[in-house]
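Asks:
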Amino acid sequence: MTWREVLGIVGKGLWASLKAGAYFRVSFILKVLSGLVRAATVLVFWRAVLQRAPSFVGWDETSILVFLGCSELFFGLQLALVSIAGRFWVYIRTGYLDVYLTRPVDARLLVAVANFDVPLAVRSLPPSLVYLGLAAVSGWRPGAGDLLVALAFIVGGALLLGLIQLCFSLTSFWLGPTEPLDEFVNSLYEFGHYPLDTLSGWVRVLVAWCLGLGYVATVPARCAARGVTALGLHTVCALAVGLAGLVMVWGGLSQLLWVRGRERYEGFGG
2 MTWREVLGIV
12 GKGLWASLKA
22 GAYFRVSFIL
32 KVLSGLVRAA
42 TVLVFWRAVL
52 QRAPSFVGWD
62 ETSILVFLGC
72 SELFFGLQLA
82 LVSIAGRFWV
92 YIRTGYLDVY
102 LTRPVDARLL
112 VAVANFDVPL
122 AVRSLPPSLV
132 YLGLAAVSGW
142 RPGAGDLLVA
152 LAFIVGGALL
162 LGLIQLCFSL
172 TSFWLGPTEP
182 LDEFVNSLYE
192 FGHYPLDTLS
202 GWVRVLVAWC
212 LGLGYVATVP
222 ARCAARGVTA
232 LGLHTVCALA
242 VGLAGLVMVW
252 GGLSQLLWVR
262 GRERYEGFGG
């Protein structure tokens with residue numbers, strides 16, 4: 002398939018998801034309101050933390066607000082577009098994957114497109130705007146370039162986490178139902194709720210950089226809060242190269258697991 006064909010399929014999936022969400026306007030509004038209530042609760046939590054530690058290991062109130070805004074955007078994007086990667090094992094073990102293997106399009110792409118939830122991404126915008134608006138009131142003045150770099154890291158981080166989830170799901174070709182692995186993969190989301198550069202020693206190296214979870218919200222927030230100039234262009238470039246490398250590693254591993262798994266896949270019932 003060409004990139005044009007892939008983008009065409011993705012575009013149709015996004016449009017279909019958006020139209021489907023339009024039929025449930027009341028539910029959408031209620032979920033937006035619940036998201037705002039949750040945002041208020043999160044603000045109370047971080048206010049209590051920052052009152053006891055005004056500088057939370059290099060994060061002040063303004064930068065924490067920026068972090069929360071980036072985190073909200075990340076989860077909205079990741080859960081709306083690629084979270085199905087963590088549940089791909091269900092399609093393998095139930096045999097429902099057979100339906101997609103008969104099509105002339107990569108089954109992984111079809112499964113992802115069929116599970117797009119654009120309204121979920123839209124619902125993440127109000128809480129994110131609340132966080133970023135409060136940061137602006139506190140004196141945050143980002144440049145356009147800083148925001149674009151932060152957004153690029155958010156998109157890259159969402160793709161990276163999706164590939165990690167997919168790799169664990171594809172082990173179902175050998176291991177059978179992978180509910181324990183599914184629970185582990187879901188637990189990775191928790192690392193997006195707190196700045197990972199506050200961790201110390203080998204834990205930071207393993208979680209933030211080897212797994213790449215530092216790109217979930219920590220790196221985008223640093224770029225947006227401090228600015229690319231303050232961080233240093235060489236630092237930002239190194240982070241970008243690291244993200245690209247991790248995407249290639251996990252992407253290559255997922256492709257290997259997919260090819261090898263397909264060789265032993267026999268469909269539903271064995």
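For the sequence shown, our numbering gives the first residue as 2, with consecutive numbering after it.
For each residue, glycine too, the CB sits at the ideal point set by N, CA and C.
Rounded to a whole number of angstroms, what is the C-alpha to C-alpha distance between Ala86 and Val242?
Replies: Ala86 and Val242: Cα-Cα distance of roughly 24 Å.
Asks: Given this structure, state the Cα-to-Cα distance separating Thr95 from Leu111, to the nearest angstrom.
Replies: So the two alpha carbons sit approximately 17 Å from each other.
Asks: Compute the Euclidean distance between the alpha carbons of Thr211 and Leu160, then round it to the nearest angstrom.
Replies: Residue identity differs from the one stated: residue 211 is Cys in this sequence, not Thr. Distance between the alpha carbons of Cys211 and Leu160: 15 Å.
Asks: Alpha carbon to alpha carbon, what distance is there between Val50 and Phe29?
Replies: Each residue's alpha carbon lies about 32 Å from the other.
Asks: Which class does Trp60 belong to by DSSP, given the choice of helix, strand or coil?
Replies: Trp60: strand per DSSP, three-state reduction.
Asks: On the criterion of 16 or more Cβ atoms from any shown chain inside 10 Å, does Gln79 qualify as buried, or is it exposed?
Replies: The residue is buried, with at least 16 neighbouring Cβ atoms inside 10 Å.
Asks: Assess contact between the segment 142 to 154 and the segment 199 to 214, defined as three or more Cβ pairs (one per stretch) separated by less than 8 Å. Is contact present?
Replies: The answer is no - the segment 199 to 214 does not touch the segment 142 to 154, with fewer than three Cβ pairs under 8 Å.
Asks: So, does the segment 223 to 234 touch the segment 249 to 262, judging by three or more C-beta pairs under 8 Å?
Replies: Too few Cβ pairs lie closer than 8 Å, so no.
Asks: Run through DSSP, which three-state label would Thr42 get?
Replies: Three-state result, Thr42: helix.
Asks: Expressed to the nearest angstrom, what Euclidean distance is found between the alpha-carbon atoms of Arg39 and Ser125?
Replies: Going from the Cα of Arg39 to the Cα of Ser125 covers about 11 Å.
Asks: Grab me the residues of Cys71's own chain with a C-beta within less than 7 Å of its C-beta, minus the 5 sequence neighbours each way, in chain order.
Replies: Cβ neighbours of Cys71 beyond the five flanking positions: Ala151, Ile155, Ala218, Pro221, Ala222, Ala225.
Asks: Quick one: is Cys168 buried, meaning 16 or more other Cβ sit within 10 Å of its Cβ, or exposed?
Replies: When all chains shown are included, Cys168 counts as buried.
Asks: In its own chain, which residues sit with a C-beta less than 8 Å from the C-beta of Thr199, not counting the 5 before and 5 after it?
Replies: So the qualifying residues of the chain are Phe57, Val58, Gly59, Trp60.
Asks: Taking all protein chains shown into account, do 16 or more other C-beta atoms lie within 10 angstroms of the C-beta of Gln166, making it buried, or fewer, making it exposed?
Replies: Buried, since its Cβ has 16 or more Cβ neighbours within 10 Å.
Asks: State the start and end residues of the unbroken alpha helix (DSSP H) segment that holds His235.
Replies: Per DSSP, His235 belongs to the alpha helix (DSSP H) from 234 to 265.
Asks: Round the Cβ separation of Phe75 and Gly158 to the nearest angstrom and send it over; I've been treating them as touching at under 8 Å.
Replies: Indeed, because the Cβ distance is near 6 Å, the residues count as touching under 8 Å.
Asks: Among the candidates Ala153, Ser170, Val123, whose CA atom is the shortest distance from the CA of Ser84?
Replies: With distances taken between Cα atoms, Ser84 lies closest to Ser170.
Asks: Could you spell out where the alpha helix (DSSP H) holding Ser173 opens and where it closes?
Replies: Residues 173 to 176.
Asks: Can you list, in chain order, the residues of its chain whose CB lies under 8 Å from that of Thr63, leaving out five sequence neighbours each side?
Replies: Once the five neighbours on either side are set aside, the close Cβ partners of Thr63 are Ala136, Ser139, Gly140, Trp141, Ala226.
Asks: Which residues in the same chain as Pro105 place their Cβ atom closer than 8 Å to its Cβ, once the five residues preceding and following it in sequence are excluded?
Replies: Cβ neighbours of Pro105 beyond the five flanking positions: none.
Asks: Given a cut-off of 8 Å, decide if Phe46 and Leu82 are closer than it, judged by their beta-carbon atoms.
Replies: For Leu82 and Phe46, no; Cβs fall outside 8 Å.
Asks: Please specify which runs of the alpha helix (DSSP H), each continuous and at least 4 residues long, are wholly inside the segment 94 to 128, giving them in chain order.
Replies: Here the runs fully enclosed are 98 to 102, 108 to 115, 119 to 124.
Asks: I need the DSSP call for Trp141, collapsed to helix, strand or coil.
Replies: Residue state, collapsed to three classes: coil.
Asks: Checking 8 Å against the spacing of the C-beta atoms, do Glu73 and Pro128 come in under that value?
Replies: Yes, these two residues count as a Cβ contact at 8 Å.
Asks: Nearest-angstrom Cα distance between Thr103 and Leu189?
Replies: Answer to the nearest angstrom: the Cα atoms are 33 Å apart.
Asks: Which class does Thr3 belong to by DSSP, given the choice of helix, strand or coil?
Replies: Thr3: coil per DSSP, three-state reduction.
Asks: Along the chain, where does the alpha helix (DSSP H) that runs through Glu191 open and close?
Replies: Neither: Glu191 is in no alpha helix (DSSP H) and is coded neither H nor E.
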